[in-house]
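*Asks:* Here the protein sequences come in this chain order: A and B. Anchor point for the first sequence: position 5 equals 5 in full-length UniProt numbering, and the numbering is continuous, going up by one each time. Anchor point for the second sequence: position 131 equals 131 in full-length UniProt numbering, and the numbering is continuous, going up by one each time. Ideal placement from N, C-alpha and C gives every residue a C-beta, glycine not left out.
Protein chains: 2
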Amino acid sequence: MAESRPELRDRLAIIAGGGMLPRYVADAARARGENPYILSLRDESGEDWSGYDHETASIGNYSVIATTFRKHGVGRVVLSGWVRRRPEWRDIHAPLRTLRIIPSVVRTLLTGGDDAVLKMVIRLIEAEGMRVVGVHEIVPDLLGSKGPLGRLAPDDAAEADIAAAAAAALALGRLDVGQGAVAVGGRVVALEGAEGTDGMLERVAALRAAGRISQRRKGVLVKLCKPGQDLRADLPSIGLETLRRAKAAGLAGIAVEAGRSLVLERAALVSEADAEGLFVTGILPDRTEKA
Amino acid sequence: MAESRPELRDRLAIIAGGGMLPRYVADAARARGENPYILSLRDESGEDWSGYDHETASIGNYSVIATTFRKHGVGRVVLSGWVRRRPEWRDIHAPLRTLRIIPSVVRTLLTGGDDAVLKMVIRLIEAEGMRVVGVHEIVPDLLGSKGPLGRLAPDDAAEADIAAAAAAALALGRLDVGQGAVAVGGRVVALEGAEGTDGMLERVAALRAAGRISQRRKGVLVKLCKPGQDLRADLPSIGLETLRRAKAAGLAGIAVEAGRSLVLERAALVSEADAEGLFVTGILPDRTEKA
């Protein structure tokens, strides 16, 4: 079928899901001279993309996505932001050719975890002859490193919370459920599901206000890559909003996986973390258990 | 030290945490001729215990608990209901003798998961020469059995949700984090942390209302025993309130671990489940993975 495709060019497309990340990636790409084309996911991206060439489509409407990309000369695609909603059966449109190549595509889109869905989208795009690149290839300075980013470092209590929350986050990740967990006083109090990190932090703040979490112990948010996660899919990310919600939840700080996380608005985040007395640190979790 | 203790008699005491279970156990015990003494946990039990001999104390104030039990001739103790709040350092009072016997007691009370804390309380009570009995020994008809309790049984979609949520609940249980998970459309969308089952179901209802969970797929709540859980500690339980919240969250039904769960108000629950079109079923999860 390759002969029926128009010539592939090398324009960068951004598939934009929810959260702040897609906008950040688009602005960063433009700043380095790219002219990104935005495919805004219906019901996911809340951004106003009027400053960019853009189109809106459902994640399930793969036919439109592929056609649009070909029409606009897209050769590279970056996935960014979350995909909370699964498409309904009636919303899935993909070329029969694609469904034959990848028989599990429909089932995965309907029922897979986040990571499974994103991996499937990557395979679909690559089957069209386009290249999927990681967010970190567009904005390489986003990758977190090991150790504290700011002035503050975790104390012993925070280290115990990091260990507890990291164990829970890894267990979740193995099930392709979520990437985040919060531990307070050495005990995991919240696990991230479909509500996302911000929703989970809001819950911790509410539990704290209701006296169901100790007032005297702070706690830590940990976000880790899922075991086996394709780095081109939805990397764990934190930004100013994460920091503010962590602060509102009474946490001592945030730990993210070194080398596999995105720290957005890094300079502003570190400066606000220092001012507010929170640490932000990169960790290397023990992944010796079977992934 | 045994010679300094007053003679132990055989009165039943109920350590009453949060939720409906303690009241249910107390009423059931009285119905079979017991005269239960209630130790109501401060900030946990919301019940009015004025119809029973009772005392209120903090879970950390172990000295008072032990003294009160001896004074009232308690020989058997049943633990029931949840313990959400961890005691603060300043609230922990235990005889030095006990602390010497069980050096990890303070650390566990402060930072352990639910199961660890309850196991520690069991050891403390047994060190006093009293016997800890399971809720199922007082009200044996509470134990769930395998298969549907009512008219409805899970369909194929619900079975897939049960499998996904059960895998997540087992992973949580291994970490002593929680007992419950909700899956919708084959995908785990919520995991139980310190907010408890009711709080988790409220969240699922909110996610559904916000369109972040499919309107077309129902989903299932699964509650399982933690691997290695002492059956005398906090068994997974469901009641009318659980059913109502599951209904409000748009779920198709509830699955609990056969032989290791409490189904409260069983007749009323089954009749309401039938009327509302939800299934309630006992399952035997695959525990072949290392516990």
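Quick check on A/G211 - is its C-beta less than 8 Å from some C-beta in chain B?
*Replies:* True, the Cβ-Cβ gap to chain B drops below 8 Å.
*Asks:* Within the same chain, show all residues whose beta-carbon is closer than 6 Å to that of B/D274, passing over the 5 residues directly before and after it, in chain order.
*Replies:* Same-chain partners within the cutoff: G150 and R151.
*Asks:* Tell me, please, whether the CB atom of A/G193 is closer than 8 Å to any CB atom in chain B?
*Replies:* Yes, because at least one Cβ of chain B sits closer than 8 Å to the Cβ of A/G193.
*Asks:* Counting only beta-carbon atoms, is B/R203 nearer than 8 Å to chain A?
*Replies:* Chain A contact via Cβ: present.
*Asks:* So, does the CB of A/L207 fall closer than 8 Å to a CB anywhere in chain B?
*Replies:* For A/L207, the answer is yes, since a Cβ of chain B falls inside 8 Å of its Cβ.
*Asks:* Should B/L175 be flagged as near chain A, meaning a C-beta pair shorter than 8 Å?
*Replies:* B/L175 counts as touching chain A.
*Asks:* For B/G75 and B/R32, which I take to be in contact (beta-carbon distance under 8 Å), what is that distance rounded to the nearest angstrom?
*Replies:* Not really, about 16 Å apart at Cβ, beyond 8 Å.
*Asks:* Going along the chain, which residues of its own chain have a beta-carbon closer than 7 Å to the beta-carbon of B/G147, five neighbours each way excluded?
*Replies:* So the list reads T281 and G282, once near-sequence residues are dropped.
*Asks:* Is the segment 173 to 187 of chain A touching the segment 7 to 18 of chain B in the sense that three or more CB pairs, one from each, lie closer than 8 Å?
*Replies:* No: the two stretches stay apart, fewer than three of their Cβ pairs being nearer than 8 Å.
*Asks:* DSSP three-state call for A/V139: helix, strand or coil?
*Replies:* Note: A/V139 maps to coil in three-state DSSP.
*Asks:* Determine the DSSP secondary structure at A/E276, reduced to helix, strand or coil.
*Replies:* A/E276 falls in the helix class under three-state DSSP.
*Asks:* Can you give the beta carbon distance from B/A249 to B/V204, rounded, assuming they're within the 8 Å contact cut?
*Replies:* Between B/V204 and B/A249 the Cβ distance is about 4 Å, and since that is below 8 Å, they are a contact.
*Asks:* Following the continuous alpha helix (DSSP H) through B/S80, name the residue where it begins and the one where it ends.
*Replies:* From DSSP, B/S80 is part of no alpha helix (DSSP H) but of the beta strand (DSSP E) over V74 to S80.
*Asks:* Quick check on B/A190 - is its C-beta less than 8 Å from some C-beta in chain A?
*Replies:* Yes - at least one Cβ of chain A is within 8 Å of the one on B/A190.
*Asks:* Pairing CB atoms from the segment 163 to 180 of chain B with CB atoms from the segment 191 to 201 of chain B, are three or more of them under 8 Å?
*Replies:* Taking 8 Å as the limit for Cβ pairs, the verdict is that the segment 191 to 201 of chain B does touch the segment 163 to 180 of chain B.
*Asks:* Please list, in chain order, the residues of the segment 158 to 169 of chain A that have any C-beta partner in chain B closer than 7 Å.
*Replies:* Listed by position, the residues of the segment 158 to 169 of chain A near chain B (Cβ gap below 7 Å) are A167 and A168.
*Asks:* Could you round the C-beta distance between A/G81 and A/G18 to whole angstroms and report it? I think they count as a contact, below 8 Å.
*Replies:* Correct: roughly 5 Å between the Cβ atoms.
*Asks:* Tell me whether B/G18 sits in a helix, a strand or coil according to DSSP, three-state version.
*Replies:* In the structure shown, B/G18 sits in a strand (DSSP, three-state: E or B).
*Asks:* Quick check on DSSP: helix, strand or coil for B/V220?
*Replies:* Note: B/V220 maps to strand in three-state DSSP.
*Asks:* Taking A/A157 and A/R208 to be in contact with their CB atoms under 8 Å, please state how far apart those CB atoms are, rounded to whole angstroms.
*Replies:* Not confirmed; about 16 Å, so no contact.
*Asks:* I think residue 292 of chain A touches A/A57, with their Cβ atoms under 8 Å apart; what is that distance to the nearest whole Å?
*Replies:* This structure cannot speak to residue 292 of chain A, because chain A is shown only from 1 to 291.
*Asks:* What's the C-alpha gap between B/L278 and B/A252?
*Replies:* Approximately 5 Å, taken between the alpha carbons.
*Asks:* If the criterion is Cβ atoms closer than 8 Å, does the pair A/E257 and A/P227 meet it?
*Replies:* No. Outside cutoff.
*Asks:* With a threshold of 16 other CB atoms inside 10 Å of the CB of B/G173, please say whether the residue is buried or exposed.
*Replies:* It is buried - the Cβ of B/G173 has at least 16 other Cβ atoms within 10 Å.
*Asks:* Consider the Cβ of B/A171: report whether some Cβ of chain A lies at a distance smaller than 8 Å.
*Replies:* Judged by the 8 Å Cβ criterion, B/A171 is in contact with chain A.
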